[in-house]
Amino acid sequence: MGRRILNEALRTIVNAEKRSKATADLQPISTVMCSFLNIMKTRGYIKDFHVYDPHRVGRITVELLGRVNDCKALSYRQDLKAKEIEQYRLRMLPTRQWGYVVITTPNGVLDHEEAVRQNVGGQVLGYFY
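With this note's numbering applied, the sequence shown corresponds to residues -13 to 115, in that order.
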């Protein structure tokens, strides 16, 4: 169930971007979703997000910039070693210039550049470009 929550939230963001909307409302929420959105924010793909009532069902409002072409969460969490991250990135992303693979590691949820820099592996949550 938790993997579907992230996938539905990312699909909502992509659909709102395609309709040129300024914001997207995501509900229900999870801590993994907040971590994924935080990586998207630091990499400049979304403007900001606000979490409302995180202890109950909750809601997240995401302010969009129009940069997200596609983002997907993987329903199967594939294990990756630190050496395999670059090969996986080349296989999943459409080009070398942009896009990020999000990985959950023992050091937290990281994008592929941080995971390679810290030399840690983990499980793939999804990707965005």
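Just so it is clear, CB atoms sit at the ideal spot from N, CA and C, and this is done for glycine as well. Keep in mind that this is a model prediction, so the values were computed, not measured.
- Task: Please classify V0: does DSSP put it in a helix, a strand, or coil?
- Result: helix
- Message: Measuring CB atoms only, is the region 27 to 46 touching the region 65 to 73, in the sense that at least three cross pairs come out at less than 8 Å?
- Response: no
- Is R75 buried or exposed, if buried means 16 or more other CB atoms sit within 10 Å of its CB? buried
- Query: Which parts of the region 14 to 56 are runs of the alpha helix (DSSP H), unbroken and 4 residues or longer, counting only runs that do not cross its ends?
  - Reply: 17 to 28
- Throw me the rounded Cβ distance for the I2 and M19 pair, which I believe falls under 8 Å. Reading the sequence as shown, one finds Ala at residue 2 and not Ile. Wrong, their Cβ atoms sit about 15 Å apart, outside the cutoff.
- Message: Please identify the residue among G85, Q73 and G94 whose C-alpha is closest to the C-alpha of Y31.
- Response: G85
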